[in-house]
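Working notes, beginning with the structure itself.
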Amino acid sequence: MGLLNLISLSYLAVISAVLFLYFYNKRSNVIYVSSMIPWKELSSEIASSRSPRFNMLFFLQILLIILMALFLARPYMFADISIMRGNNNIVVIDSSASMQTIEKDGARFEQAKNYTLNIVDEMSSADKMMIISAYSSAQTIIELTEDKEALRKKINELQPTDTGSDIEGGISLALSYMAKAQDSRLYVLTDHGVNEYRHMIEGIDPKSALSKTFAESFSNVAISSFDIFQDMFSKNDEAYVTLKNYDAKPKKVKLTVSLQQKTALAKDLNLKSYEQKTVTVRSLPSSGILKARIETDDNLKVDNTAYGIVKKRKKRIEALLVTDSVKFKTEFQKLEQAFPQLKISTIPSGAYNEKVLTDFDICIYHQFVPLKQPDINSFFIAPEFAEKANINKLGTGNSVGNNGAPAFWAAFLEPKGVIENVHILDWDNSHPTMKYLDYIDNIKNRDAMLFTPPEGSKILIYAAGNVLFGQEGARGQSARNNLPLAFANMLGNKKSITMSLDLGDFDYSDSNNLPALIMTLNMIQWLSPLGESQGLHGGEGLPFNELHKTGALFYINNHNNFKGLSVVKNDGTVRDILDDEFQTPNPASAKENDIQTDRDNESQNTGYTIIKHAGVYTIKRKDKDEIFTANMFNDNESNLTMQKERLTKSIQDESNTNHLTDKSAVTSKREITELSRFILYLIPIFLFIEWLYSFVKQRFAQ
């Protein structure tokens, strides 16, 4: 107990004033007696005493003064109370493809959901929870809330994806919340070993973190790649299905390939432990959706199905060549004469406009770059000269960059200088444009422009040479290696190839230039609508994201024509991608993902979503629907045996993150209880007693 305002006790000095008044009244008190009454009749105590006689009224007054002083002094008492402090439970649940693995107690993901529901059931009224889903990225499913019904609803709605896992991203997001909220506890529900993310949770109190691993079965066989090859110089279309056994035990596999639901191949295979085998499907009879499916005894089914599209064949490829070089035009006409499937039409740069592209499959730009981004697969040859040519033609304006080049081109690519005496060092023979090239390094002693390819580009050819007059240095600079000579990338949703060498310098009828001829034909075929490998092996060797792999981004282009997106998943269920699943891209992400926006705002990207499921997608548009396929080719998810090895090393050292203690903390809190209000209640009571005493005394006196 104590006093908060000790100075107020000074008001007790008023008591001395009351005593003074009493003494003063005694000294001035005159006793009138009759002369007839003898003095001996007076009490000597009364007659001679100079001290006042304190009655009850005096004591009541003193008591009131003391109460008023105590009221102003604010007396208080300490009280220890017990309170229930709620926990902020932050659950990171792994939603990647491997969580669909079937265990004896059900799918790993369903076990993780049930575990989360149990946490909800055990939450006290003071507890809160938030849920983060970790797949190829991390997403907050529900913010911190104590609403158990809302939590159960979100948990039951949560579905696994067919993508890879970004469990570290999920934990990082959780830690950012934990830094803001006290009494937070982290639950990591995954099939990954704790050693993979231990470095992220080392600073957390072991009592505030739990790692729950759902992984007991590790047998799996997968379709690891699915390639469709439509050669425009051949009448037969082929498909290649690659199967891989990730198990230490041999597996029997039944492979079925169907085109438009009609069986094109059915084959029984025996795969040895860890064996990979490719099966060829020859002479595909028509166009449409090609589906490969395997039946085998394994624990993960999502990678047992893959899809591709066999495109409808055209009688020939229509190519438009834009050039002012008579020599280049003559050389390309030789290609048309040698290959009847290829039709090349030529116009000078002055006759070019967007309308001329309508009837063509690809456009080849030689020493020329159009003002606007072409809505067609494009082949840019020696584009550095196009800038010089366009400076005089274009003047200035919104569609022209600072260096005189078209604005879309200036944003897409920036020249760095000239490479003198080019010597090819290496090329990517995994890419379709570099097939059948064994002697491409014979191309040398030529000049080319040095570019810095945009992010996401696939470098096709590397070269060495002297860099001239560029930002890298001056004439005579020493030779540099690994200079990009040719690369492939995306312009919007269209393919493009940029070649620094001027192919117009080659004589295609000269046998010495056979590598240049083959390379040119490969590039034209890859750019054509059907003459290419579909690249369904998950992007390895591909220059860009063709939306054929789960975890990739789907961007909306030309949104005024866009009505929706849906997918038929591997299990046959249909799922509509809702509008709220699309996010608005910012300029940084647009550049990172190689998405080009039309400077005239005719075809802007209005949003993107992550391709979460394998299957056949339909882009619903007002004029005509489009179809693409997505597959899960992810070795980290399919290789459950590798996962087992990581877990074996990890679980042995998991004890410090294996258990949480009490559910909710009960803490004691010392609070101050002021007594002033109780004293204030006593004051009017004693005032009333004083008045009552005075009233009674006066009444009896009368």
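According to the numbering used here, the sequence shown is numbered sequentially starting from 86. A virtual CB, placed ideally from N, CA and C, is assigned to each residue, including glycine. Bear in mind the structure is a predicted one, so any value in this text is a computation, not a measurement.
Just tell me which of the options has its CA closest to the CA of residue i.
i           : options            : result
residue 698 : 710, 711, 719      : 719
residue 569 : 542, 595, 580      : 542
residue 356 : 393, 94, 379       : 379
residue 521 : 599, 592, 454      : 599
residue 99  : 463, 143, 589, 508 : 143
residue 791 : 721, 668, 353, 706 : The structure shown does not extend to residue 791, since the chain is modelled only from 86 through 787, so no value can be given for it.
residue 507 : 519, 517, 534      : 534
residue 429 : 437, 419, 438      : 419
residue 102 : 358, 728, 147, 298 : 147
residue 444 : 454, 93, 726, 462  : 462
residue 321 : 366, 435, 350      : 366
residue 290 : 316, 334, 276, 260 : 260
residue 402 : 416, 449, 782      : 449
residue 348 : 358, 333, 368      : 368
residue 373 : 388, 342, 351, 389 : 342
residue 232 : 215, 242, 592      : 215
residue 608 : 653, 514, 636, 635 : 514
residue 268 : 212, 439, 316, 767 : 212
residue 199 : 286, 181, 176, 210 : 176
State the DSSP-derived secondary structure class of residue i, mapped to helix, strand or coil.
i           : result
residue 781 : helix
residue 589 : helix
residue 284 : helix
residue 342 : strand
residue 299 : coil
residue 264 : coil
residue 677 : Any reading at residue 677 must be qualified, since the residue scores a pLDDT of 38, below 50, and its modelled position is unreliable; no value is offered.
residue 771 : helix
residue 105 : helix
residue 485 : With a pLDDT of only 42 at residue 485, under the threshold of 50, the placement of this residue in the model should not be trusted; the figure read from the coordinates follows. Looking at residue 485 - three-state DSSP - the assignment turns out to be strand.
residue 704 : strand
residue 228 : strand
residue 513 : coil
residue 540 : coil
residue 180 : coil
residue 444 : coil
residue 876 : For the chain, the structure presents residues 86 to 787; residue 876 sits outside this window and is missing.
residue 431 : strand
residue 360 : coil
residue 663 : coil
residue 149 : helix
Given a cut-off of 9 Å, decide if residue j and residue i are closer than it, judged by their beta-carbon atoms.
i           : j           : result
residue 381 : residue 306 : yes
residue 404 : residue 584 : no
residue 246 : residue 220 : yes
residue 156 : residue 765 : yes
residue 589 : residue 426 : no
residue 395 : residue 328 : no
residue 363 : residue 325 : yes
residue 360 : residue 330 : yes
residue 192 : residue 179 : no
residue 732 : residue 278 : yes
residue 464 : residue 612 : yes
residue 332 : residue 371 : no
residue 158 : residue 91  : yes
Can you give me the start and stop residues for the beta strand (DSSP E) that residue i sits inside?
i           : result
residue 214 : 213-219
residue 613 : Taken as a continuous stretch (DSSP letters only), residue 613 belongs to no beta strand (DSSP E), as it is neither H nor E.
residue 311 : 306-315
residue 355 : 347-356
residue 720 : Counting along the chain, residue 720 falls outside any beta strand (DSSP E), though it belongs to the alpha helix (DSSP H) covering 720-723.
residue 274 : 269-275
residue 715 : 711-715
residue 375 : 373-380
residue 454 : Residue 454 -> no beta strand (DSSP E), and no H or E assigned at all.
residue 584 : 579-584
residue 407 : 402-407
Got a sec, what are the start and stop residues for the alpha helix (DSSP H) residue i sits in?
i           : result
residue 414 : 411-423
residue 323 : It is not in any alpha helix (DSSP H) - residue 323 instead sits in the beta strand (DSSP E) that spans 322-330.
residue 194 : 193-207
residue 654 : First-last for residue 654: 647-654, but that is the beta strand (DSSP E), not the alpha helix (DSSP H).
residue 234 : 233-242
Verify the CB distance criterion: does residue i have a CB-CB separation below 9 Å to chain C?
i           : result
residue 248 : Of the protein chains in this structure there is only one, and it is not chain C.
Is any non-hydrogen atom of the ligand SAM found closer than 8 Å to the C-beta of residue i, if you look at the structure I gave you?
i           : result
residue 593 : As far as ligands go, the structure on display features none, and thus does not contain the ligand SAM.
Assuming residue i and residue j make a contact with CB atoms under 8 Å, what is their CB distance in whole Å?
i           : j           : result
residue 707 : residue 646 : 5 Å
residue 717 : residue 387 : 6 Å
residue 184 : residue 194 : 4 Å
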